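When we follow our numbering, the leftmost residue of the sequence shown carries the number 33, and every step to the right adds one.
Shown next, in structure tokens, is the structure this report addresses.
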Amino acid sequence: MSRKALGVAVAVVLLTVLGAVAVPALAELSTDERVIVQNESTNGSATCNYTDLYRDTSPGVVQVMTDRGQGSGFVYELDNGTAYVVTNQHVVAGGPERTASGQPAEQVDVRFSDGATRTGNLTGTDVYTDLAVARVDDVPESAAALPVADEGPPIGERVAAIGSPFGLEGTMTHGIISGVNRSMPTGAGFSIPDTVQTDAPINPGNSGGPLVTCEGEVVGVNRAGGGDNVGFAISPELVERVVPALIEEGNYSHPYLGIRSVPVTSTVAEANDLNASEGVMVIETTEGGPADGTLRGINGTTSVSGEEAPVGGDVIVAVDGREIASQEQLGSYLATETSPGDEIELTVIRDGDRTTVTVTLGERPAPDRSR
33 MSRKALGVAV
43 AVVLLTVLGA
53 VAVPALAELS
63 TDERVIVQNE
73 STNGSATCNY
83 TDLYRDTSPG
93 VVQVMTDRGQ
103 GSGFVYELDN
113 GTAYVVTNQH
123 VVAGGPERTA
133 SGQPAEQVDV
143 RFSDGATRTG
153 NLTGTDVYTD
163 LAVARVDDVP
173 ESAAALPVAD
183 EGPPIGERVA
193 AIGSPFGLEG
203 TMTHGIISGV
213 NRSMPTGAGF
223 SIPDTVQTDA
233 PINPGNSGGP
243 LVTCEGEVVG
253 VNRAGGGDNV
263 GFAISPELVE
273 RVVPALIEEG
283 NYSHPYLGIR
293 SVPVTSTVAE
303 ANDLNASEGV
313 MVIETTEGGP
323 ADGTLRGING
333 TTSVSGEEAP
343 VGGDVIVAVD
353 GREIASQEQL
363 GSYLATETSP
373 GDEIELTVIR
383 DGDRTTVTVT
393 LGERPAPDRS
403 R
């Protein structure tokens, strides 16, 4: 079935609480004890009937259980009784603190909306997007695949999160898309780019479940709640790039630029005589990496109004002709538009002059599991 990458680590300080937790006592609640939001919302251009939405989408939502805890998931593909279920890598690895260091389980228990439980065999996981896929054979007839949106949602789109927070199977919460192109820190030394922000409540146990529109399309894979009215989900663009590879190959190769960078703040702009607080300054390149010898890192720091600022590094302002105003935009472009081996053209400001350089992207190395 035809289905529609991440080069740099980007730094955004966000307090996140990831959504997988061991709650064996709650995981066994009956169907009658499910908590379901049933109402209509007129937030936006049309009415969204959440009762109808739940009825139409819940057959595609599952609970994913391991001996270390539980999370949520959804049926991505269904063919002749075999389903490919998407969830979070940290769910099958045993919790958010094991995102990079944990070895995923080889098998998981998958419970469908009708209560039937099947064994799922992992076909692949990807730590850099926190995605995992399990193959489930002999699925119940009630199971249904959920369509993934062709593109990310606009800000303001009404959405619902369905999953098993705190083990409360079949729970729906709702809200809107609050932001896009976010960079979500993982606590494992890297960030996930191109994530979707929502105010729909996402709680421990929601991890891996779908964030759906009123039309029933998946516009995110829920991953983390970061406080009141702030939750994050992996974008449909990343899902459609990574999941097919996890099904077919068992892994996904991410592009790699090989730089450490900071955003161009007003302080950085003043220190480097830049006209605008836009772009990404290269702090250093990885020795032997794709950008080594092509991009230039900083040559020191200076004080601006008592604040230390880096100076002398290349400032990336465009990639392949597309303007780059922030680290989030750079990370999202690399993750969703490029692959290892691609040649990209970077527009940089160097010594006050605008110039272009070409870099051939490498393959991102595995994370440091000693963290």
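All C-beta atoms in this analysis are idealised placements derived from N, C-alpha and C, irrespective of residue type, glycine included.
All values reported here derive from a predicted model rather than from experimental measurement.
- Judged by pairs of C-beta atoms under 8 Å, the segment 174 to 181 touches the segment 76 to 94, as three or more such pairs exist.
- Ranked by how close their Cα comes to the Cα of Ala220, the residues Pro268, Glu201, Thr161 and Asp231 have Thr161 in first place.
- Between Ala301 and Ser293, the C-beta gap is not smaller than 8 Å, which leaves the two residues out of contact.
- The C-beta distance from Thr370 to Leu393 rounds to 6 Å, short enough to meet the 8 Å contact threshold.
- Here the alpha carbons of Ser223 and Ala323 stand approximately 20 Å from one another.
- With a threshold of 16 other beta carbon atoms within 10 Å, Ala398 falls short and is exposed.
- The closest CA to that of Thr368, considering only Ile266, Val159 and Gly237, is found on Ile266.
- CA-CA distance, Pro186 to Pro242, rounds to 17 Å.
- The beta-carbon separation of Val244 and Val228, rounded to 12 Å, does not stay under the 8 Å limit for a contact.
- Here Ser174 really is in contact with Asp146; their C-beta atoms are around 4 Å apart, less than 8 Å.
- The beta carbons of Gly240 and Thr119 sit about 3 Å from each other, so the pair counts as a contact at 8 Å.
- Short of 6 Å from the beta carbon of Val314, and not among the five residues preceding or following it, lie these beta carbons of its own chain, in chain order: Ile291, Ser293, Leu327, Gly329, Gly345 and Asp346.
- Straight across, the Cα-Cα distance linking Glu395 with Gly282 is about 16 Å.
- For Val275, the enclosing alpha helix (DSSP H) has its first and last residue at Pro268 to Glu280.
- Comparing alpha-carbon positions, the option among Val140, Glu189, Thr230 and Ile381 lying closest to Gln121 turns out to be Val140.
- Taken in chain order, the complete beta strand (DSSP E) segments of 3 or more residues contained in the segment 218 to 272 are 223 to 230, 242 to 245, 250 to 257 and 263 to 266.
- Under the three-state reduction of DSSP output, Tyr116 falls in the strand class.
- Contact between Ile356 and Val312 holds: their C-beta atoms lie close to 6 Å from each other, under 8 Å.
- Residue environment analysis places Asp226 among the buried positions, since at least 16 neighbouring C-beta atoms fall within 10 angstroms of its C-beta.
- The three-state secondary structure of Pro172, taken from DSSP, is coil.
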